Structure formats: structure tokens, C-alpha cells
Amino acid sequence: MKTSGWRVVATAAGLLACAQAGAEVYKCRANDGSLTYQQSPCGFTDEALRSNIPSDFPPPNVEERNRILEREQQLFQRLEAQRDRLSAESIARISRPDPVIVAPEPPSYSVAWAGYGYPRMRRPNSPYFGYRR
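Below you can see the structure in the form of C-alpha cells.
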């Protein structure tokens, strides 16, 4: 298998960059009083100072970790219950019989006549009010 040279160079550069990521940091004070942070130890003319950059991690908080794990377990149980509920609903929806379409009944009409003389409208302002023919 043939590989190009630039891939090899890029891989080597990446590995070298990763190797320097965990390097020590030295804090040096020069003769003129300036502070420098560098990767190599201080020279003879510089004064080496203790760096206050932490290099170790604090111990894990076991109580907090257990609380978070318990919370995740409860969340997982709720999600499982919801998944089971949705699954049961979808199975019930699929197994439900198709609805039967019933033809509507034709409307029924009834005929009604007004009684004799209804509506009888008397107009009091009419000249024929109270007059019968």
C-alpha cells in the first residue's frame, strides 16, 4: 500500500504536538524582575519559582457521583415506562377495528297548518279597527 509523504509528516507533527500537551511549566524570574512561564527549566541567570498551576486533580466527590447516577437511573426508569406506555397505546391503536360508517337517516318532515284566523292582527290605529264586514 502506498502512502503519501505529507500524510506521514502530518501524523508525526500531530503526535509531537500531543506529546507537548502534558509538559511541565516552569515559572522563572529574570534579573530585571520580569516573570516568564516556559517549557524548559530556568537558566543559570534566572531564579526558579514554584508554579502555582495545579498538576494533580482533586479526589472525586463520591456522594455527588452517586446522587447523579441515582438521578440518571430514575430518569431511565421514567423513560422506559413512557416507552412501554406509548408502545401499548400504538398496539391498541393498530389492533382497534376500523370504524363502521353508518348512513345517516333521511330527514323527516312534518306539515303543520296554522289554525283558523291565526295570526289575527288587529291594528288599533287602523280605521277598520273593531269594524267587521
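The opening residue of the sequence shown carries number -15 in my numbering; numbering runs sequentially from there.
We put the beta carbon where it would ideally sit given N, CA and C, even for glycine.
Please read all numbers here as calculations on a predicted model, not as lab measurements.
- Spanning the alpha carbons of R13 and S39 requires a straight line of approximately 21 angstroms.
- Between Y10 and S(-12), the beta carbon gap of about 39 angstroms keeps them out of contact (Cβ cut-off 8 angstroms).
- Just so you know, the alpha carbons of W97 and V84 end up roughly 40 angstroms apart.
- Per DSSP, the unbroken alpha helix (DSSP H) holding V46 starts and ends at 46 to 79.
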